[in-house]
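Just below is one structure, and these are the notes that go with it.
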DNA sequence: TGAAGTTTAA
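In the UniProt record's numbering, the protein residues as written are 1 to 539.
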């Protein structure tokens, strides 16, 4: 592993990308020289002979009591790797795309001499991997289009539209949509939904409405399904007012259905506009549509947020009397809110009430129960519920694992956390960003740099794209534990990826650099922040 | 990811 000063030196001399690659290479070399080839499952790379892997930098010794993968499994992996060639090709393309480019054209040029067999599924994989980096993603897509085997695929176009929208490159996104239109038959409701959702997320509410209004110009019919997508996008992205306006504009053109009203009621409730939610509920009844369990549950959620549990009880009773009894979602919301309000006893009472009413808990319900129990410090009870749920026919999902891992990390139980991560692999439950976040945080806190890099590399291989929150978590965590060199590296990498660091992350890093009198680095970070700000697209 | 619920935070 590179030492701290070497990191910093590399950071100042080569910039982040090369330094990052160097780090990853060093980690790779270590693991590869220990045991098997790099394509094998990650856990295999730990020594299987019972010896410990000790690193001079880390003070953490990887647990050897956990038998991660049996030797038999290792052999199985070597034999059955049907997609091995494709995987290698994905890796090869990824390595090229990981360099820094200033334009998609540059990416196309870089890929010019790349002779790999490309298939649509492989392109999908690469696009997913780079879904937070529009330049490599779009450049790669353009390069793929130039290959002789290329055939237009609506799916791939949709993916690229989504990436461009996600990274707020709306002008380029529209150019691509026009291209899709000209090629014919490529624009669908899926495309339009992505456009409307991404515009709304970027705060461009009016543009989202215009996109819907003009749908027919792209050869699609405006229907209630599309309108519900529009209203939902606006509501979910803090644009309830726009949603209500759009509803009034289009309601005569397209008769609303119960989805429409539930979207609006939920949106108003989330925006804490209870009077407007009430209006939507009445409007629903005026249209001859009865409020359903979803409508009531949205209201209950709103009162839960206000901690008005008396009102919640009243609505629960009203639901029963109107023959629209609460379901597992309703109970989850009430129990979770009581738990968060530190009323654990009452929360568990809801669990009893639900059982009494013959409502069966599901995985999400158990997840919530595990969460409130661990937050209340009742780890043992949480573990018991975790053991029980599969017996009751509810398989743990990614949220179950994330909650359990987070609880384990909160109590510095790394071995348990890693054991759970391993269990996910065995049960084919795909981890996500939230799985790794508490682990990364703990690594920063404890200065386990080797494991930190191992986990980051593992994430990349599992197509878990690191985003702004993760970078800030890393920078903050490393500031806290005093590894400023590495914190600077991550900061730079984040900026060069076009992300705008959170202002408190920036201030914290600057403050720490000041305290340690690292003036050169401080100046560099200041310039990077300026660069990041100037790179942002005005909304 | 999409009509409601469960992880998470500077």
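All C-beta atoms in this analysis are idealised placements derived from N, C-alpha and C, irrespective of residue type, glycine included.
All figures in this text were calculated on a predicted structure; none of them were measured in a lab.
Each residue's CA atom was taken as its position, placing residue 187 and residue 128 some 20 Å apart. Boundaries of the alpha helix (DSSP H) harbouring residue 194: 189-201, taken from the DSSP string.
With a 10 Å radius around the Cβ and a threshold of 16 neighbouring Cβ atoms, residue 486 comes out buried. Our two residues, residue 406 and residue 112, have alpha carbons roughly 44 Å apart in a direct line. Where residue 349 is concerned, the enclosing alpha helix (DSSP H) starts and stops at 344-356. Per DSSP, residue 323 lies in no alpha helix (DSSP H) segment and is marked neither H nor E.
Annotation for residue 231: 243, 246, 247, 260, 263, 264, 267 place their beta carbon closer than 8 Å to its own, counting only its chain and skipping 5 residues before and after. Of the other Cβ atoms in all chains shown, fewer than 16 fall within 10 Å of the Cβ of residue 275; this residue is therefore exposed. Three or more Cβ pairs closer than 8 Å define a contact, and the region 167-183 meets that threshold against the region 192-205.
Contact check for residue 404 and residue 451: beta-carbon distance about 19 Å, past the 8 Å limit, so the pair fails to qualify.
Around the CB of residue 89, 16 or more other CB atoms lie within 10 Å, so the residue is classed as buried. Our two residues, residue 198 and residue 177, have alpha carbons roughly 14 Å apart in a direct line.
With fewer than 16 other Cβ atoms inside 10 Å of its own Cβ, residue 115 counts as exposed.
Distances from the alpha-carbon of residue 130 to those of 509, 339, 460, 364 put 460 closest.
Excluding its 5 nearest sequence neighbours in each direction, residue 135 has C-beta neighbours in its own chain below 7 Å: 101, 103, 104, 107, listed in chain order. The shortest C-alpha to C-alpha distance from residue 299 to any of 288, 490, 318 is the one to 318.
Contact check for residue 490 against residue 475 passes: the beta carbons are separated by less than 8 Å.
Residue 492 counts as buried, since no fewer than 16 other beta carbons sit within 10 angstroms of its beta carbon.
With a beta-carbon spacing of about 6 Å, residue 292 and residue 324 fall inside the 8 Å limit used to define contacts. In this structure, residue 254 places its C-beta atom within 8 Å of the C-beta atom of residue 227. 8 Å or more divides the Cβ of residue 124 from the Cβ of residue 164.
In this structure, the alpha-carbon of residue 382 lies about 46 Å from that of residue 223.
Annotation for residue 274: the continuous alpha helix (DSSP H) segment containing it runs 274-286. Only buried fits residue 162, as 16 or more other CB atoms lie within 10 angstroms of its CB.
For secondary structure counted as the alpha helix (DSSP H) over 4 or more consecutive residues, the region 355-416 holds these complete runs in sequence order: 363-375, 379-391, 398-410. Residue 529 sits buried, since 16 or more C-beta atoms from the chains shown fall within 10 Å of its C-beta. Of all alpha-carbon atoms in 535, 391, 316, 364, the one lying nearest the alpha-carbon of residue 357 is that of 316. Nearest to residue 91 by C-alpha distance, out of 183, 483, 457, is 457. In the three-state reduction of the DSSP assignment, residue 526 falls in the helix class. The beta-carbon separation of residue 363 and residue 394, rounded to 5 Å, stays under the 8 Å limit for a contact.
Looking only at 252, 384, 303, 288, the smallest Cα-Cα distance to residue 277 is reached by 303.
If you compare the alpha carbons of 212, 279, 132 with that of residue 470, the shortest gap goes to 132. For residue 212, the enclosing alpha helix (DSSP H) starts and ends at 205-213. Excluding residues up to 5 positions away in sequence, 200, 205 lie with their Cβ nearer than 7 Å to the Cβ of residue 239 in the same chain.
For residue 120, the uninterrupted alpha helix (DSSP H) segment begins and ends at 120-129.
CA-CA distance, residue 453 to residue 423, rounds to 21 Å.
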